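Residue numbers (UniProt numbering): 1 to 1144. Here is the structure we will look at.
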Amino acid sequence: MPAQDMILVKEDVVISGIGGYFPESINIEQFQKNLLDNKDLVGTRWRQGERGVSNKVGTVSTQYFDNAYFGIHRQQCTFMDPMQRLVLERTFEALIDAGVNPTEVKGKRIGVFMGSAIGENDNLFLESIVSGFGVTGHSRAMMPNRVSYWLNLKGPSVAYDANWISGIEVIRLAYDAIRTGQCESVIVGTANLALNAEFQWLYSDMGLLSPDGSTKAFDVDAKGYTRSDGVVVLYIQKASDARRSYASIVNVETLFDGNREGNIQNLSVPNMVDFISKFYEKIDVKPEEVEFVETYGCGHKVTDEKELDALERAYCKKRNNPLLIGSVKTNTGHSEASAAMFSIAKVLIAMEQGIIPATIQFENANPNIKGLLNGNLQVVSKNRQWNPKYAAVNALGLNSYYGHLLLKANPQNKRSISEDIPKLVVASTRTEDGIKDILQQFKDKSTDVEFIQLSQDLFAMPILGHLYRGYTLVGADEPKHEVEYHQGTKRPIWFVFSGMGSQWCGMVGDLMKFPTFAAAIDKCHNILQTKGIDLKHIISTSDKTVFDNILHSFVGIAAIQIGLTDILKAVGIVPDGIIGHSVGELGCAYADGCVTAEEMILAAYSRGRASLEAKLIPGMMAAIGKKIYIFSCSGTMECLNFEGVGYNTIKNKLPPTIEVACHNGPDSATLSGPREDMEKFVAELQAQGTFARLVNVSNIAYHSQYIKPAAPYVLKYLKEIIRTPVKRSSKWISTSNLEENWNTELALHSSAEYHTNNLLSSVYFEEGLKHIPKDAILIEIAPHGLLQAILKRSVKSGCTNIPLTQRGSKSAVEFLLTALGKMYLAGMDLSIANIYPRVQYPVGRGTHSLASLVHWNHTEMWRTGLEDKLHSLFSIIDLQVTLNSEEFRECVGHQLDDDIILPCSFYLNIAYQMVANISTERKEIVFENLHFKKTLTIPKIGSVPLHGMVQKGSGEFEISSNKDIIVTGRMTFPQANEKFMVEPNNIKIDGDHVKLLGSDVYSELQHRGHKYSGLFKSIKSLVLSEEGSSTSIQWNNKWTMFLEAMIQQHLFQCGERDQDIFVPKTIQKVCIDQQLLPSEKIDLKVDYIYATKILSTEGLQLIGMEAVTLERETKKMYIDSVEYVPLNNSEYPVSIHASIEMGS
């Protein structure tokens, strides 16, 4: 306990997240279901009768671990205590369940306290003595230390062994650390694995285990308990920081009571009563206020009798109702170091669900337990409804160690929000199947708004290492979801503001359902009401004549853009670039922070007002685009994409009265001029087959000389609104000034003069688009995605175009939410919850757990110390070859015939690592009699399995994939002073020999189909002679890569005649002496003697290699399409082409 004079944090400390792996229960949600279903979760681990003890154990899978996510070395994982692996994954789950993104805790003053007891797989440690990985793999300190290192935590990181009350002990330490301000929050956990039958025998010999594997706590037929695996991690926070509160910690204490006469296992009832009584004297809760106690209850008769005797004396003196008791061990068995955590998990489940799960296997009370007979104590033998307030957990250690914890239930009941708007939920995880499961969970739990909000906030920031993203709309009229593979690349974000032409009747749709959008429209509406303008009518009416008034168009477009921009701001989207088309530059000014919403809507109003007040000639504008021709079956010309008509194409073909108002793109422009001239010219263009369409701009020729009379009005009104010019940021690409004028005073600032010039100047949108990078995400902000066709044809390849709205969409809300979902898939991070009415944290009792949203890439199995007899004879490995893993990522540089092929040297390294893991890290290696039977293609997305086996003693090995054997051979380690390399012969080089640069070598190999890149292009030069070849190869501290270069040197010679792809078929011997290889990057000379078939350098030799051409699958040829066009008609002004597209 903290010292009395210490200043304590005056707020509740709560348990906010649970990550657990229980028998038959991969997480707390499954555990909850199993407890409420009253299931016996005990299984088997050994053969019946082995060592004369029960084979019943509550088991969890210990062989799986996502090492790539945590960035842990493969050899370290091989020798790591499985408890460390399981704790890491459960820690992640506990944070997620608390609604805490792991990114949020990095670098903070957060403690990690982990408890465990005996490790039953230290045979892994003994096998690793030479490598040294066992020290870090089996040190108990590494259990918390790995968590602290992974999350970069700055608080204490300590391991504890308090035997069976470790869970209470680490919570006590966490509680004190938070209350005294030592830690902001704390991660606590315990782990226990019952892996070996030898320990089962020891516990049985102590008289603790039941012979039949039962755990009948408090029952007359109790005979002991069965053991259990289990890992539980809790996240503990101050209440004010918590998004979820399972329960508040009222008090927690421990006491070691072993310093007295008698057996250390014998419990002292008076001492236990005294301990619990003093526990309550320190707090404002009386024992009779506690409704339920989850006991130690282990099924050992004497222990149960003493524990319940003590609980009756401590709790039942002034009690009106029976004290409800239970024991989770009847479901799971005794999880020893995790036993107290199992009990806590059960209590938290009971509080969340308002149901105390039954204590199973209880039929007839032990007659020696008086409290059960007199009614002071009552075993919850059937699920019992409960309105929770206080519950306690009692824990006992093997050595008279007592622990007691009092929890107060979260008083907040579930809440719901009545709203008729679909929920957009985004998520990310490690696997494709995982993301699909998460999206399905969102649909299944769509009515739990608190669960949805927790999830939205959780995924508002990226989670490093998550390779799959997805989104779904729950509650939508047309349910939609999408998933995407995402490598975490951040792409530049660009806002694109459209101008005139994007307005349409009823364009607001149902967007007013968004509070953020509605607030923006309400603000603009109130401002314009003072001008006699009914904005809400303008943007919602179906009356098509509303936009005959140009002022309505301007304010309608501006208001929608303000609302949409506010939505993007609310979800946290900050643009890297901004560009606008025509009046869309007002939107740029708003997004750039140069004008307020009020200034923008009034500027749009002023633009329209000036257009109406100025005396202007009747004008017209027209959009022109591609010349299009289509040939019908009858031979008449209708349309076919043929020629773009942009500014550069049309500028010299215009009548003198017509101007190019807008440079839209390379094949699109907007013309402006007098109405009659425009109508006539548009008709001419249409007759020539050029797309041309008159645009309704209220008979005004904007962006031309004919709008100049409106300029004084616009400038006057804008000066009244934009009183102080604001410098534009570099994000904003000006499209009303040529780039050569961007540094002028007019162009540098967002001012009345700038926006007046915008009205008069041509729109240089095509020129501005050239500044958008090739991988940008372009978000079009307008009442309608007017510019989508232009953007698709104009921006660089690799860009993603996302409109926020679409004219006539069935639901503007769903269209906008889908657009936001697509942004998330493209790599943007969104605070989606900000656009919905929020529920106040912490969430209410009964909110679904988020731990089920966690999915791991468990495609590879790791050693656990439980290997069967096969592993005593063989070293075995099963792994998944994927470009996502650090081990195989480099293979993308090893392509044959456009397929990514696993290099030969990688198979040898896999075999070497298997044996090195088991015995020692020998530096001298010999591979012999290598037979490469097939090549293994690595998919660009996904993985392919690989199974390796090395026979101990002989060193014979085999590597296969699925049912195909890929390579066989033999591996040995030479004895000390054994001469295993042959004497090399050097090639004499003179000026007559052919000399090639590395680029020449790889150009020739690529011509044949060998496409190497990255570390696989390490040949710097090659010299050819009649007797052999000599290369200079860069040493990059990887013998595998250097060996691949030597193989390339051989393939260069043997494939020269056929000009085809060759691959190794057999190799007599590969000799490696790593002690002779350099320790730094350097170029090494490799000689290849044709006669002896030896490639040799200092420390590495390749002998007797034979190569064959690469086997290719015969691909079928098929006709994709056949098109017929007339060939005898010459009246058309264009040539006619017909083709048959062949695919193979």
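For every residue, glycine included, the Cβ atom is placed at its ideal position computed from N, Cα and C. From a predicted model like this one, the values you see are computed outputs, not experimental measurements.
| Closest to P666 by CA distance: which of T744, G768 and S1032 is it? | For the residues T744, G768 and S1032, the minimum Cα distance to P666 belongs to G768.
For F70, the residue or residues it bridges with in DSSP: Beta-bridge pairing links F70 to no other residue.
| request: Return the Cβ separation of F31 and A345 in integer angstroms, given the expectation that the two are a contact with Cβ distance under 8 Å. | output: Contact holds; Cβ gap of about 6 Å.
(request) Output yes or no for whether 7 Å exceeds the beta carbon distance between Y717 and S606. (result) The answer is yes: Cβ separation under 7 Å.
### Query
For T215, which option in A559, A782, T332 and K1069 has the closest C-alpha, if you only look at C-alpha atoms?
Taking T215 as reference, the option from A559, A782, T332 and K1069 with the minimal CA-CA separation is T332.
Q. How about the stretch 967-974 and the stretch 887-895: do they share at least three Cβ pairs that are nearer than 8 Å?
A. Short answer: they don't touch.
(message) Tell me the DSSP secondary structure of S634 in three-state form.
(response) Legend: pLDDT at S634 = 30, less than 50; position of this residue unreliable, no value from coordinates given.
Handout entry: Segments of 3+ residues assigned as beta strand (DSSP E) that fall wholly inside the stretch 279-315
Key = The qualifying runs are 292-294.
State yes or no: is the C-beta of T864 nearer than 6 Å to some heavy atom of the ligand MG?
Because no ligand of any kind appears in the structure shown, any question about the ligand MG cannot be addressed here.
Note to self: Can you look up Y764 in the DSSP assignment and give me helix, strand or coil?
What the structure shows: The answer is coil: DSSP assigns Y764 none of H, G, I, E or B.
Q. Whose CA, out of K1065, D964, K995 and G689, lies closest to the CA of S1025?
A. Ranking K1065, D964, K995 and G689 by Cα distance to S1025 puts K995 first.
Notebook entry, point to check: Is K792 closer than 7 Å to I774 when the C-beta atoms are compared?
Noted result: Residue identity check: residue 774 is Lys in the sequence provided, not Ile. Between K774 and K792, the C-beta gap is not smaller than 7 Å, which leaves the two residues out of contact.
Check each candidate in T489, F547 and T180 and name the one with the smallest Cα separation from M828. The shortest Cα separation from M828 among T489, F547 and T180 belongs to T489.
**Study point:** Best match in I463, D592 and G475 for proximity to V496 [C-alpha to C-alpha]
**Key:** Closest by C-alpha distance to V496, out of I463, D592 and G475, is D592.
Exercise for review: Evaluate G115 with the Cβ neighbour count: other Cβ atoms within 10 Å of its Cβ, from every protein chain shown; 16 or more gives buried, anything less gives exposed.
Suggested key: The residue is buried, with at least 16 neighbouring Cβ atoms inside 10 Å.
### Query
In or out: H73 buried (at least 16 other Cβ within 10 Å) or exposed?
Under this definition H73 is an exposed residue.
Residues that G17 bridges to, as DSSP identifies them: In the DSSP assignment, the residues bridged to G17 are Y235.
Point to revise | Buried or exposed by the 16-neighbour rule on C-beta atoms within 10 Å, applied to M981 | key: M981 is buried by the Cβ-count criterion.
Going along the chain, which residues of its own chain have a beta-carbon closer than 6 Å to the beta-carbon of V252, five neighbours each way excluded? Only I171, R172, Y175 and L405 meet the Cβ criterion.
Notebook entry, point to check: Run through DSSP, which three-state label would W742 get?
Noted result: Here W742 carries a coil assignment [DSSP, helix/strand/coil].
Which residues does DSSP pair with S734 in a beta bridge? None; S734 has no bridge partner.
Taking the continuous alpha helix (DSSP H) assigned at D433, which residues delimit it? Segment E432 to D444, the alpha helix (DSSP H) holding D433.
* Asked: Using a Cβ-Cβ cut-off of 7 Å (strictly less than) and excluding sequence neighbours within five positions of T1097, which residues of its own chain qualify?
  -> Only residues of its own chain outside the window of five on either side were considered, and among them L1084, K1085 and V1086 have a CB closer than 7 Å to the CB of T1097, listed in chain order.
Check your understanding: Can you tell me whether DSSP reads M949 as helix, strand or coil?
Key -> Here M949 sits in strand by DSSP.
Practice task
With D964 as the anchor, note down where its beta strand (DSSP E) starts and where it stops.
Solution key: From DSSP, the beta strand (DSSP E) with D964 extends over D964 to T972.
Could you check how far apart the C-beta atoms of I15 and L348 are, in whole angstroms? I think they sit under 8 Å. Between I15 and L348 a beta carbon distance of about 7 Å is seen, short of the 8 Å cut, so the two are scored as contacting.
If I measure Cβ to Cβ from G572 and keep anything under 8 Å in the same chain, skipping five residues before and after, which residues do I get? Here G572 has A460, D829, L830, S831 and N834 as same chain residues with Cβ atoms under 8 Å from its own Cβ, once five neighbours each way along the sequence are excluded.
Checklist entry - Would G991 pass as a contact of L930 if the rule is Cβ separation under 7 Å? => result Taking 7 Å as the cut-off, the beta carbon of G991 is found no closer than this to the beta carbon of L930.
For V1086, which three-state DSSP category applies? Reduced to three states, the DSSP call for V1086 is strand.
Using a Cβ-Cβ cutoff of less than 6 Å, which residues in the same chain neighbour residue 1189 once the five nearest sequence positions on both sides are dropped?
The requested residue 1189 is not part of the displayed model; the chain covers only 1 to 1144.
What is the DSSP secondary structure of W504, reduced to helix, strand or coil? Of the three classes helix, strand and coil, the one that applies to W504 here is coil, per DSSP.
Worksheet item: Would you report the Cα separation of D12 and I249, rounded to the nearest angstrom?
Response: Taking the straight line joining both Cα atoms gives about 7 Å.
Check: At which residue ranges does the stretch 320-392 contain complete alpha helix (DSSP H) runs of 4 or more residues, listed in the order of the chain?
Finding: Assignment of alpha helix (DSSP H) within the stretch 320-392, counting only whole runs of 4 or more residues, yields 329-332, 339-353 and 370-374 in chain order.
* Which same chain residues, not among the five before or five after G371, have their C-beta less than 6 Å away from its C-beta? -> Cβ-Cβ distances below 6 Å link G371 to L308, E312 and L377 in the same chain, with the five nearest sequence neighbours on each side left out; the list follows chain order.
**OP:** State the Cα-Cα distance for the pair D97 and A427, rounded to the nearest angstrom.
**Re:** So the alpha carbons of these two residues sit roughly 14 Å apart.
query: Roughly how many whole angstroms lie between the Cα atoms of K223 and A310?
result: Computed Cα separation, rounded: 21 Å.
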